[in-house]
Amino acid sequence: MAEFVMPALGADMRAGTLLEWQKHPGDTVERGDIIAVVHTDKADVEVETFTTGVLEKLLVEPGAKVPVGTPLAVIREEGRAEAAEHVPGVAPKRLLISPSARQLAAELGVDLATIGGSGPTGRIQRKDVEQAAQRRKAGPPPSPPTPRPAPVAEDRQTAMRRAIAAAMVRSKREIPHFYLSTTIDMSSAVRWLSEENLKRDVPDRLLHGVLLVKAVARALREFPELNATWQEEQVVPSEAVHVGVAVWLRGGGLVAPAIHDADTLSVDDLMRALRDLTSRARAGTLRSSELSDPTITVTSFGERGVESLFGVIFPPQVAIVGFGKMIERPWISEGQILPCPLVTATVSADHRVTDGHRAGLFLASIDRLLQEPEEL
Amino acid sequence: MTRNEIRAAVLLILAEIAPEADPSAITLDVDLRDQLDIDSMDFLSSIIAIHEQLDVDIPERDYPKLTTLDDIIGYVASAAEASA
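In the order they appear, the protein sequences are chains A and B. Just so you know, we're using this note's numbering here: the first sequence kicks off at 1 and counts up by one. Just so you know, we're using this note's numbering here: the second sequence kicks off at 377 and counts up by one.
Here is the structure:
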């Protein structure tokens, strides 16, 4: 038997609230299947299982807030015993709802199971929740509480800020940061991207951000100490490169889910992964492994005009890379002053793990890779 | 397709991309990136959705022309007219 436990989905996550089960006892589950949805201070997260087998027993009711590591269910591992009799029925369907509408429903005490969504593809929107609350006020007294929970009593923004505060305070308290920056000439990358996008259908077009992420992922192969976590007073390099991409959320806050094996993905696959991840981060449908697996983070606020940024490392990671706005400026190249698109790249790194020399070489490697975008 | 139909279709696309936004509050002539707090990824997603749902292919060089809702409606209307 294997236990399916409340996962740690962030450095300072201590507990989570089970929102819903997506599998029933008796269902066959495979490694990677979504079993449950869990609410954390930063997001509602789809939690995957790492075990293939049969879901034997659910141990926790939706609505319960339990500490990280608490067994939520028991899975009989494949081959361990005879297959359980399948329980007929349809697996519960995930509600399509924006995070802000879910939060509002919790605040107003609206049971999401009782309302329909008016948004695209039936998504429940804030106005649906507001209307349901109005109807309830105008109508007969509310029915007795249903088993379905209203799990989020706290304002989401407050919870998000608290979670970020805890991680950042821990980072600044424990990690001796140092910061480096360099200016990268993006002429080759911009030229290659323009030519590529001319040849591509609309859905296959690339953004320059995907080249930045790929260059970081590739450069990390040469600098494994930066693709690592700090655990029990020592650096633990990761064999896989899982780049966490900082995604800001409308209304405030951010999450940094991982693109798994970013160094091995083609730019096309990386672009698809980036689009998918950004969209799901904002829709509140991230998976647990995406939040727990990053081995480094890449962040950029260039689109808001920020020229350079020096990030705070997400523990237990040991580095964060920042990119500023791409700006056309005079640049001396081969003795000529030319207008060139330039980007400031930065790295904030943990001095327990590496030093300025190595981190400087890492930035130089990113620069070098971006000069040959066709090779990324 | 009339301008009103295009407007409704584009608003639906934007509502999918920025579900927190109130489509009725979008001003026609103000930069959508500022109104909806959308970034280049959201913008690209909206261009893809316009391509798939309204059958309009917007080349990358025209992206800078599409900053407001009015711009997008006008662009799609012109493209539809040209292909009619």
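Think of the CB as a built atom: it goes at the ideal place given N, C-alpha and C, for glycine as much as any other residue. All values reported here derive from a predicted model rather than from experimental measurement.
For ASP185 (chain A), the enclosing beta strand (DSSP E) covers residues 177-185. Close to ASP415 (chain B), with beta-carbon spacing below 7 Å, are these residues of chain A in chain order: GLU303. In this structure, A:LYS214 is the residue among A:LEU226, A:ARG250, A:LYS214 with its C-alpha nearest to the C-alpha of HIS260 (chain A).
In the three-state reduction of the DSSP assignment, LEU388 (chain B) falls in the helix class. The criterion of a C-beta distance shorter than 9 Å is satisfied by ASP44 (chain A) and LEU19 (chain A).
Under the three-state reduction of DSSP, THR70 (chain A) is assigned to coil, being neither helix nor strand.
DSSP places HIS357 (chain A) inside the alpha helix (DSSP H), whose first and last residues are 356-370.
Going by beta carbons, ALA345 (chain A) and ALA359 (chain A) fall outside the 9 Å limit. Comparing alpha carbon positions, the residue from A:LYS199, A:LEU104, A:TRP21 closest to GLN134 (chain A) is A:LEU104. Here the C-alpha atom of ASN227 (chain A) lies approximately 17 Å from the C-alpha atom of SER171 (chain A). Straight through space, the alpha carbons of VAL267 (chain A) and GLY109 (chain A) are spaced by roughly 45 Å. Non-local C-beta neighbours of GLU457 (chain B) in its own chain, meaning closer than 6 Å and more than five positions away in sequence, are absent.
Using a Cβ-Cβ distance cut-off of 8 Å, the region 200-216 of chain A and the region 437-449 of chain B are not in contact, since fewer than three pairs of beta carbons, one from each stretch, lie closer than that value. Note: TRP21 (chain A) is bridge-paired with A:ALA36 in the DSSP secondary-structure output. Following the DSSP letters along the chain, one finds LEU408 (chain B) in no beta strand (DSSP E) but inside the alpha helix (DSSP H) bounded by residues 408-412.
Taking 8 Å as the upper bound for CB-CB distance, PRO176 (chain A) and GLN231 (chain A) are not in contact here, some 16 Å apart.
For LYS42 (chain A), the closest Cβ of chain B is not nearer than 9 Å. By the 16-neighbour rule on beta-carbons within 10 angstroms, HIS39 (chain A) is buried. Checking the DSSP bridge columns, you'll see PRO339 (chain A) partnered with A:PRO330.
Remark: three or more beta-carbon pairs, one from each stretch, lie closer than 8 Å, so the region 304-311 of chain A and the region 332-346 of chain A are flagged as touching. For ALA401 (chain B), the number of other beta carbons within 10 angstroms of its own is below 16, and it is reported as exposed. ARG191 (chain A) and ILE426 (chain B) have their C-alpha atoms some 26 Å from each other.
Under the Cβ criterion of 9 Å, LEU408 (chain B) is not counted among the residues facing chain A. Sequence-distant Cβ neighbours of MET377 (chain B) in its own chain, meaning closer than 6 Å and more than five residues away, are ALA456.
Put simply, the region 387-401 of chain B touches the region 421-436 of chain B. At least three CB pairs are less than 8 Å apart.
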